[in-house]
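Undergrad: Questions regarding the structure given below will be posed in turn.
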Amino acid sequence: KAGVTQTPRYLIKTRGQQVTLSCSPISGHRSVSWYQQTPGQGLQFLFEYFSETQRNKGNFPGRFSGRQFSNSRSEMNVSTLELGDSALYLCASSLGGGQFLPGANVLTFGAGSRLTVL
Amino acid sequence: AQSVAQPEDQVNVAEGNPLTVKCTYSVSGNPYLFWYVQYPNRGLQFLLKYITGDNLVKGSYGFEAEFNKSQTSFHLKKPSALVSDSALYFCAVGSVEEYGGSQGNLIFGKGTKLSVKP
Chain A
5 KAGVTQTPRY LIKTRGQQVT LSCSPISGHR SVSWYQQTPG QGLQFLFEYF
55 SETQRNKGNF PGRFSGRQFS NSRSEMNVST LELGDSALYL CASSLGGGQF
105 LPGANVLTFG AGSRLTVL
Chain B
14 AQSVAQPEDQ VNVAEGNPLT VKCTYSVSGN PYLFWYVQYP NRGLQFLLKY
64 ITGDNLVKGS YGFEAEFNKS QTSFHLKKPS ALVSDSALYF CAVGSVEEYG
114 GSQGNLIFGK GTKLSVKP
């Protein structure tokens, strides 16, 4: 079956602009998480969505936002881009589920969207 | 605060020799632990996980990891390294008690670059 698809793969923006990244999860997966990966900070959790609801949020400013649609596809948006927002943005999907099974649902990651802010 | 430490930025191993990539963690409550691998320009791929049960976990591509509760460690091992194992390895931890029902919120280590020379 198809994996997690992220678009676009590469993009270049200038400071002050905004960007929207898209993530299509594996069919049947209802949970989508977003991570920011940078050489200095490693992987940092942005937010998680399940059934169109944000279930958890990391420690990022309000310029970072996301949403999930009824088909589980997710988008994240970054407004008023800063140089420090340059990073690889990774999306991961998992089955999710109404009953939490600790660690049972492995995250499957997409290839990422590499954002460069000039 | 919850955290994951991968004390070595890089590990160098000769092909055919055993390899160990170290990981220690700190979470309140019961941890669940993962190892992921990342190849250049790719997302993260799942290797193995520990939730409960046997402390020795076997995963993909001949990798295994041992959960040690007293030392709060989850080191990744392989008896005989291959050149193709060269990649960036991430340890990640989650906790039911800390993250509630969120399955997608994991704390990742900074990563260890594994280099296997022929």
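First to last, the sequence lines map onto chains A and B. Numbered per the working numbering, the first sequence spans residues 5 to 122. Numbered per the working numbering, the second sequence spans residues 14 to 131. Just so it is clear, CB atoms sit at the ideal spot from N, CA and C, and this is done for glycine as well. Note that this is a predicted model, so its numbers are computed, not measured.
What span of residues does the beta strand (DSSP E) with residue 107 (chain B) cover, start to end?
TA: Per DSSP, residue 107 (chain B) belongs to the beta strand (DSSP E) from 100 to 108.
Undergrad: Cβ atoms of residue 99 (chain A) and residue 33 (chain A): under 7 Å apart, would you say?
TA: Cβ distance < 7 Å, so residue 33 (chain A) and residue 99 (chain A) count as in contact.
Undergrad: Would you check if the distance between the CB atom of residue 32 (chain B) and the CB atom of residue 82 (chain B) is smaller than 7 Å?
TA: No. Outside cutoff.
Undergrad: So, is the C-beta of residue 52 (chain A) closer than 7 Å to a C-beta in chain B?
TA: So yes, residue 52 (chain A) belongs to the interface.
Undergrad: Can you grab the Cα-Cα spacing for the pair residue 78 (chain B) / residue 88 (chain B), in whole Å?
TA: Those two C-alpha atoms are separated by around 5 Å.
Undergrad: Within its chain, find whatever has a CB closer than 6 Å to the CB of residue 69 (chain A); leave out the 5 residues flanking it on each side and keep chain order.
TA: Correct list, in chain order: 81.
Undergrad: Kindly list, in the order they appear in chain B, the residues whose Cβ is closer than 9 Å to that of residue 25 (chain A).
TA: Within 9 Å Cβ-Cβ: nothing; residue 25 (chain A) doesn't reach chain B, min ~13 Å.
Undergrad: Who are the near neighbours of residue 20 (chain B) in its chain, counting only those whose CB is closer than 7 Å to its CB and skipping five residues on each side?
TA: The answer, listed in chain order, is 35.
Undergrad: Starting from residue 53 (chain A) and walking both ways along the beta strand (DSSP E), at which residues does that stretch end?
TA: Taken as a continuous stretch (DSSP letters only), the beta strand (DSSP E) holding residue 53 (chain A) covers 46 to 54.
Undergrad: With 7 Å as the threshold, decide whether the Cβ of residue 69 (chain B) is near any Cβ in chain A.
TA: By this cut-off, residue 69 (chain B) is not an interface position.
Undergrad: With residue 105 (chain B) and residue 121 (chain B) assumed to form a contact (beta carbons below 8 Å), what rounded beta-carbon distance in angstroms separates them?
TA: Residue 105 (chain B) to residue 121 (chain B), Cβ: 5 Å. Contact.
Undergrad: At a CB-CB cut-off below 9 Å, which residues of chain B make contact with residue 117 (chain A)?
TA: Those within 9 Å of residue 117 (chain A) in chain B number zero; the least Cβ separation is about 10 Å.
Undergrad: When the cut-off is 7 Å and only beta carbons count, does residue 60 (chain A) lie next to chain B?
TA: So, interface residue.
Undergrad: Taking only beta-carbon atoms, is residue 118 (chain B) less than 7 Å away from chain A?
TA: Taking Cβ atoms only, chain A reaches closer than 7 Å to residue 118 (chain B), which makes this a yes.
Undergrad: If you compare alpha carbons, which of B:71, B:102, B:37 and B:39 is closest to residue 127 (chain B)?
TA: It is B:102.
Undergrad: Under three-state DSSP, which class holds residue 17 (chain B)?
TA: Residue 17 (chain B): strand per DSSP, three-state reduction.
Undergrad: When you compare only the Cα positions, how much space is there between residue 104 (chain A) and residue 27 (chain B)?
TA: Legend: pLDDT at residue 104 (chain A) = 49, less than 50; position of this residue unreliable, no value from coordinates given.
Undergrad: Applying the 10 Å Cβ sphere with the 16-neighbour rule, what's the burial state of residue 53 (chain B)?
TA: That one is exposed.
Undergrad: Using beta carbons (cut-off 7 Å, strictly below), is residue 59 (chain B) in contact with chain A?
TA: Closer than 7 Å: yes.
Undergrad: Please decide whether residue 94 (chain A) counts as near chain B, where near means a Cβ-Cβ distance under 7 Å.
TA: Output row for residue 94 (chain A): interface = yes.
Undergrad: Say whether chain A places a C-beta atom closer than 7 Å to the C-beta of residue 72 (chain B).
TA: Closer than 7 Å: no.
Undergrad: Residue 82 (chain A) touches chain B at which residues, Cβ-Cβ below 9 Å?
TA: Within 9 Å Cβ-Cβ: nothing; residue 82 (chain A) doesn't reach chain B, min ~19 Å.
Undergrad: Which same chain residues, not among the five before or five after residue 21 (chain A), have their C-beta less than 7 Å away from its C-beta?
TA: The residues are 85.
Undergrad: So residue 60 (chain A) packs on residue 51 (chain A), CB below 8 Å; how close in whole Å?
TA: That pair is a contact at about 7 Å.
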